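Residue numbers (our numbering): 863 to 1312.
As structure tokens, then:
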């Protein structure tokens, strides 16, 4: 039926929050008023027929108005819950007070009076259900002494029979009302317990995923570290005699000669190869290098000077130093390497799109300074962002990137007692935040969290 709220199903997905008792009551109320709207003619048509036959036109108008209100409630599921529930209970109570005295149908009025207590217990808070039960009891007593309602003198056998019927109805209605109240209270406690268990399960699942990711990263770095150690050893054995012999031969040649210059290029290339092995060694294991106060502004200025000649078309670069005289506790070479790597990645992300590359500094706490590298490039989706720090994972062409830059930068940051994190959305750019201990206070010369 169109009155059912299809956007609010009773079934839940694993990621959905567990509904509380108020939500379940609302769902039951929604379906109750829909059922009342569909089944209403079973009570409405006979009542109207009997009332019209006895020319009780006020009762016909009341029945019509109440049934129309039920239909309206069914089509307005987003109205406030207490208003809808209260109006439904009030309609039942009104029918009980009016139907019996006007038609003389005492048993019908009795049914409605007991029904109002049950409906109140089902849809209203405990105080509301008790109030409606007390109201129905008072109404029953009042109707019993209403002239013409029982059609028997007070104290007569017929009147006593009505009292017996009424007392039994009160007993049954009170028992059902109390049972419903206790049942709903138990459901509420069970629901709270279920919510706590679900939240605990979700937290445990999130922690498990984080631990699995950390384990995969640790295993990957361990493999790379083992590989790097072997590569470093072998390359050092190869490069050392090359460097030594090159220096000896170069020393025998006249300075400025073409051969002297070419051998200088060979020597520079071998030195770069030696530096590469050291970088792979840094990736493979966390090391604590020499830490001393380093001026962040000076390092950023050097990085800017190196990146300026290679800016892609349409890209501008700017520094926003909230703390231009800030110092961090780090190794200047390693800090330079991290920032240069982050800046290079940002420039690659803005190839063809243009935008602004920003280097920002800001205090995150009394002892930590954040250096942010913000670009307006293509950004990363969630899957790419989750793997960004994995060794050898890269979205760049093979001839451009190797997938070691971010992993190595993060490893260096951790070795310096800091952190490196990424925030990114596809099409919205990326922000890399490097958080390092501040200096030059000797008290800050320790890893974060120590």
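Glycine residues also receive a C-beta, built at the ideal position from the N, C-alpha and C atoms.
Quantities reported herein were computed from a predicted structural model and do not represent experimental measurements.
Enclosing beta strand (DSSP E) for residue i [first to last residue]
i: residue 1237; result: Here residue 1237 belongs to no beta strand (DSSP E), and DSSP marks it neither H nor E.
i: residue 1295; result: 1292-1301
i: residue 1215; result: Taken as a continuous stretch (DSSP letters only), residue 1215 belongs to no beta strand (DSSP E), as it is neither H nor E.
i: residue 1192; result: 1189-1192
Candidates the options, of which the one nearest residue i by Cα
i: residue 972; options: 918, 960 and 982; result: 960
i: residue 950; options: 1235, 1019 and 932; result: 932
i: residue 1096; options: 981, 1135, 1075 and 955; result: 1135
i: residue 944; options: 978, 1130, 891 and 1177; result: 891
i: residue 1109; options: 1098, 1099, 1100 and 1122; result: 1122
i: residue 1042; options: 1126, 928, 980 and 1282; result: 980
i: residue 1300; options: 1190, 1275 and 896; result: 1190
Outcome for residue i when other beta-carbon atoms lying within 10 angstroms are tallied against a minimum of 16
i: residue 1037; result: exposed
i: residue 871; result: The pLDDT assigned to residue 871 is 41, lower than 50, so where the model puts this residue is not dependable, and the model offers no usable value.
i: residue 1242; result: buried
i: residue 1165; result: buried
i: residue 863; result: Confidence at residue 863 is low in this model, with a pLDDT of 39, below 50, so the placement of that residue should be treated as unreliable; the coordinate-derived value is given next. The residue is exposed, with fewer than 16 neighbouring Cβ atoms inside 10 Å.
i: residue 1254; result: exposed
i: residue 1044; result: exposed
i: residue 1286; result: buried
i: residue 1212; result: buried
i: residue 1196; result: buried
Three-state secondary structure assigned by DSSP to residue i
i: residue 1257; result: coil
i: residue 868; result: For residue 868, the pLDDT reaches just 40, beneath the cut-off of 50, and the residue's location in the model is therefore unreliable, leaving the point undetermined.
i: residue 1055; result: helix
i: residue 1251; result: coil
i: residue 1019; result: helix
i: residue 1226; result: strand
i: residue 1179; result: strand
i: residue 1120; result: helix
i: residue 1312; result: Here residue 1312 scores only 35 on pLDDT, less than 50, and its place in the model should not be relied on; the value that follows carries that caveat. Of the three classes helix, strand and coil, the one that applies to residue 1312 here is coil, per DSSP.
i: residue 974; result: helix
i: residue 1171; result: helix
i: residue 1103; result: helix
i: residue 1313; result: Residue coverage of the chain in this structure runs from 863 to 1312, which leaves residue 1313 outside it and unanswerable.
Run of the alpha helix (DSSP H) containing residue i, from where it starts to where it stops
i: residue 922; result: 919-937
i: residue 911; result: 903-915
i: residue 1285; result: No alpha helix (DSSP H) contains residue 1285, which is instead part of the beta strand (DSSP E) from 1281-1286.
i: residue 1269; result: 1267-1277
Check: residue i C-beta below 7 Å from any heavy atom of the ligand NAD
i: residue 1043; result: As far as ligands go, the structure on display features none, and thus does not contain the ligand NAD.
Quiz item: Does the pairing of the segment 1050-1067 with the segment 990-1001 give three or more beta-carbon distances under 8 Å?
Solution: Touching, no, given that fewer than three Cβ pairs across the two stretches are closer than 8 Å.
Quiz item: Taking three-plus beta-carbon pairs below 8 Å as touching, is the segment 1152-1162 in contact with the segment 1108-1122?
Solution: Output reads no: the segment 1108-1122 does not touch the segment 1152-1162.
Exercise. Check whether the segment 977-992 touches the segment 922-942, counting contact only when three or more Cβ pairs, one atom from each stretch, lie closer than 8 Å.
Key: The segment 977-992 vs the segment 922-942: no contact.
Quiz item: Does the segment 884-891 touch the segment 902-910, meaning 3 or more C-beta pairs lie closer than 8 Å?
Solution: With the cut-off at 8 Å, the segment 902-910 and the segment 884-891 do not touch.
Quiz item: Is the segment 1216-1228 in contact with the segment 1169-1189, if contact means three or more CB pairs nearer than 8 Å?
Solution: Yes, they touch.
Quiz item: So does the segment 1059-1079 actually touch the segment 1097-1104, counting three or more Cβ pairs closer than 8 Å?
Solution: Taking 8 Å as the limit for Cβ pairs, the verdict is that the segment 1097-1104 does not touch the segment 1059-1079.
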